[in-house]
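These notes are about the structure you will find just below.
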Amino acid sequence: MRSGYNPPISGKKIVVAMSGGVDSSVAAALLKKQGYNVMGVFMKFWKDGKSGQNRCCSTESEKMARLVARKLDIPFYIVNAEKEFKKKVVDYFLKEYKKGATPNPCVVCNKEIKFGLLIDKALKIGADFVATGHYARIEREIPNPKSPGCPQADSPEGCILNKSKIQNPKLKLLKGKDKNKDQSYFLWQLNQKQLKHILFPVGSYTKLQVRALAKKFKLPVAETPESQEVCFIPNTTNEFLKEYLSTRPGLVVDKTGKVLGEHQGLWLYTIGQRRGIEVSQGPYYVVRKDLKKNNLIVSKNEKDLFCKELIAKNVNWIMSQKLPLQAEIKIRYKSNLAKAKIIKARAQKIHPIKSPQGGVFAESEQFNRVKIIFQKPQKAITPGQSVVFYNKEYLLGGGTIDKNL
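When the letters of the sequence shown are read in order and numbered with numbering that gives the first Met the number 0, they come out as residues 0 to 404.
Structural data, given as structure tokens:
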């Protein structure tokens, strides 16, 4: 295997999703330098009507992206994805909270919008790839040139090449070189069809190197600060949820069922939360949500947050894997990797139940379910969060946490 670069094939067209930040700007600059036919695209997402802005696509962000495109002398276009973003990302976000889960909207945005909608639009105008500023890498295997009908592969920067005897080799997804900025966790829902058309030009660089490159290219974004919040939430998550979801007060109880107080809505709390639980004689930790009774279960004992097993649903494999499987697991973006065994989950009946905030949903989903058994107990395993599977540098796949055991 080698990490390298071959001269680009003449005429390759690449659409770069430009956010106005340093990472996507440097991605565009690197590809332009390599001689590709680069086109900048700024995507407009849904924004809350009261705030009038979305952090990812504010007026200032659009202005900065346009300035970078002008500096690089590349075409610049705007894609309005407000309707699709609202339906696929925001509505999903609200639906999951309504069910008592704590979702990862960025995971869905990557699958449905940045590498779904944008790839579709890019291919329609004759582009070959969509590039972003994500800190991740893709390993592209070079088909054996001696095999009949196997074209030569080219390697834009940020790709890893690996010679293969297979005529239609699979693509592999890897962590970014900068382990502090690695964003592969948010990409587990991607499939082979999408990966075929994706480039991550900054994935082989550290953040410091990317900022240095921005200065080298004289881009006006070298010192642009990073955004850490959910882009479409103007203030706090709880304020947003209060605006868009109706509340339904319920009881706060301990593990024995003793009533300690009241809550204003289960969606205002997440597993492991300690602050904001308005009961006396605390502090308490949120350990579980009883959706049927609309009760919030809390405990003073932090040990009650630890579990050794979980069930994941909607599992997606970047490449097919045989179970059982030993892997390293992330249960949230900033958590440490934990060793675990992945096995098939036992089939389970689906029982429709009524949500405390209205609506009916399935208690659990059978589709692509696995059970994960950790070597050591993990803290605050949270339904709705992404659980992602790794083998060293490689992202094997992932799923959505259904429940802890």
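Heads up, the beta-carbon is just placed ideally off N, CA and C, and yes, glycines get one too. Just so it is clear, the structure is predicted and the values come from calculations on it, not from any experiment.
For the pair of segments examined, the stretch 379-391 was found to touch the stretch 90-109: the number of CB pairs separated by less than 8 Å reaches three. By the beta-carbon neighbour count (other beta carbons within 10 angstroms, threshold 16), residue 183 is buried. Of the candidates 246, 218, 271, the residue whose Cα lies closest to the Cα of residue 261 is 246. Residue 17 has no beta-bridge partner at all, per DSSP.
Within the model, the alpha-carbon separation for residue 124 versus residue 172 is close to 26 Å. Spanning the alpha carbons of residue 338 and residue 178 requires a straight line of approximately 18 Å. The DSSP-derived three-state label of residue 210 is helix.
Of the residues assessed, residue 90 falls on the exposed side of the cut-off, its CB having fewer than 16 other CB atoms within 10 angstroms. In the displayed model, residue 37 falls within a strand according to three-state DSSP. Linking residue 319 to residue 263 through their CA atoms gives a straight-line distance of about 43 Å.
The alpha-carbon separation between residue 250 and residue 369 amounts to approximately 32 Å. DSSP lists 294 as the bridge partner or partners of residue 289. Three or more Cβ pairs closer than 8 Å define a contact, and the stretch 308-318 falls short of that threshold against the stretch 277-286. For a cut-off of 8 Å, the C-beta gap from residue 194 to residue 137 is around 6 Å, short enough to register as a contact. Residues of the same chain with a CB within less than 7 Å of the CB of residue 30, apart from the 5 flanking positions on each side, are 13, 15, 37, 130, 155, 200 in chain order.
A check of alpha carbon separations from residue 388 across 380, 379, 398 identifies 398 as the nearest. For residue 401, the three-state secondary structure derived from DSSP is strand. As the crow flies, the alpha-carbon of residue 59 is around 14 Å from that of residue 77.
In the three-state reduction of the DSSP assignment, residue 274 falls in the coil class, being assigned neither a helical nor a strand state.
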